[in-house]
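Residue numbers (full-length UniProt numbering), protein chains in the order written: chain A, 1 to 145; chain B, 1 to 145.
Comments concern the structure below.
Number of protein chains: 2
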Amino acid sequence: MDIASFDKASSAGFLANMMARLFENRLAAAIRPLGLTPAQFMTLLELWAEEGQTQAALVARLAVEQATMAGTLGRMERDGLIERRPHPSDKRAQTLHLTERARALEALATEAAQAVNARALAGLTPEEQALFLDLMARVIGRLGK
Amino acid sequence: MDIASFDKASSAGFLANMMARLFENRLAAAIRPLGLTPAQFMTLLELWAEEGQTQAALVARLAVEQATMAGTLGRMERDGLIERRPHPSDKRAQTLHLTERARALEALATEAAQAVNARALAGLTPEEQALFLDLMARVIGRLGK
DNA sequence: TCATATTACATAGCATGCTATTTATATGGA
DNA sequence: TCCATATAAATAGCATGCTATGTAATATGA
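Pasting the structure below:
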């Protein structure tokens, strides 16, 4: 009967984990020359789109825990990518601003990330690529409850 | 022109990361009552299939770095899931063996993991599920170079 | 208005993953 | 046999992610 059988090669969770680790490793290698890490890049994407956001706003947009974002922002400040300024109306909060260094990295970093995505999907037809993104979005929606 | 535009909602890497974190969080919650973590579960899958493997064998099968596996095995030994025995013919190596506690967890743990997978894929037709696994495997193959 | 609840953020502790280094043992060839 | 190289593990250091807590400030409602 093999009641407890579990084939990791056909486990969605196992494949998702392996795929995500590969994506992260490739992205890390691609942006390391820029002095960036994957979490920093993800955070910069939000700040390139709109500067002056609070930590809480980034937490909501990137769907990581607040403590995780606090750690990433601390390393970004340490590395000269962002500055924190007091929030104009809420003494609990701070607004987050890019340094010149961070602004200058936008084009190179996004191109590097797009290259990783392109390489990952290179074996799929355009229709398959679109379907793949759609399927991932649907699984995310389901797991997000 | 928006040369540097990057829409994370349509980035395969971003979606893969989010999906994998959700899978891992759900699995962690599901097996936490058993006293297991995701990496421990993944390692147990290999040892349930074949006891007495070396660390190097697990590294090859699970595609994590040797240092990562060493850490996971250390925590598993600490938690009473595995024992290390001297390798019969190679003094550098050790063989890894399950404790009774670990053997007793196989059915419950695999059922919990299968439930997470089933829930994640519940919104997909059987054809879409098969296609999804195939697409992930192909992307993994491509990223693995 | 004042007590209570909520919110923003920091911090501690831990698991997982990676790179790099070190130590001990095996192995292959000169 | 001996040396150079390869292999098995351990360890250190760091990034990311999570849970759980603590603190200060704000919002809410009786």
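We put the CB at the ideal spot given by N, CA and C, even for glycine.
Could you tell me the alpha carbon to alpha carbon distance between residue i and residue j, rounded to whole angstroms?
i      : j      : result
B/E46  : B/T72  : 13 Å
A/M18  : B/I140 : 7 Å
A/L135 : A/H87  : 39 Å
A/A137 : A/T99  : 33 Å
B/S5   : B/P38  : 35 Å
A/R84  : B/L22  : 30 Å
A/D90  : A/R32  : 36 Å
B/P126 : B/R26  : 22 Å
B/D7   : B/T54  : 43 Å
B/A118 : B/L133 : 13 Å
A/E111 : B/E106 : 45 Å
A/A9   : A/G74  : 38 Å
A/E128 : B/R101 : 44 Å
B/A63  : B/Q94  : 19 Å
B/R92  : A/E65  : 41 Å
For residue i versus residue j, is the C-beta distance shorter than 9 Å?
i                      : j      : result
A/F41                  : A/A109 : yes
B/G144                 : A/E24  : no
A/A115                 : A/A49  : no
A/L44                  : A/M76  : yes
B/H97                  : B/G35  : no
A/A20                  : B/A20  : yes
A/R142                 : B/L121 : yes
A/S11                  : B/A113 : yes
residue 155 of chain B : A/L131 : This structure does not reach residue 155 of chain B, given that chain B is present from 1 up to 145, and the question cannot be answered.
Chain B partners of residue i, CB-CB under 9 Å?
i     : result
A/A56 : Simply none; closest approach about 18 Å.
A/A30 : What A/A30 touches in chain B: nothing, since even the nearest Cβ is about 10 Å away.
A/L81 : In chain order: nothing, as chain B lies at least about 16 Å away.
Could you work out which residues of chain A lie near residue i, taking near to mean beta carbons separated by less than 8 Å?
i      : result
B/E128 : L135
Identify the contact partners of residue i in chain B, using a Cβ-Cβ distance below 7 Å as the criterion.
i      : result
A/E24  : N17
A/R138 : G123 and L124
A/L27  : G13
A/Q66  : Ordered by position in chain B, no residue passes the 7 Å Cβ test against A/Q66, which lies about 15 Å from the chain.
A/Q114 : F6
A/A63  : M18
Which residues of chain B have a Cβ atom closer than 8 Å to the Cβ of residue i, listed in chain order?
i                      : result
residue 213 of chain A : Nothing can be reported for residue 213 of chain A: it is not among the residues displayed for chain A, which extend from 1 to 145.
A/L45                  : F6 and K8
Take every Cβ of the region 75-87 of chain B, pair it with every Cβ of the region 57-65 of chain B, and state whether three or more of those distances are shorter than 8 Å. no
Listed in chain order, which residues of the region 87-109 of chain B have Cβ atoms closer than 7 Å to some Cβ of chain A? E106 and A107
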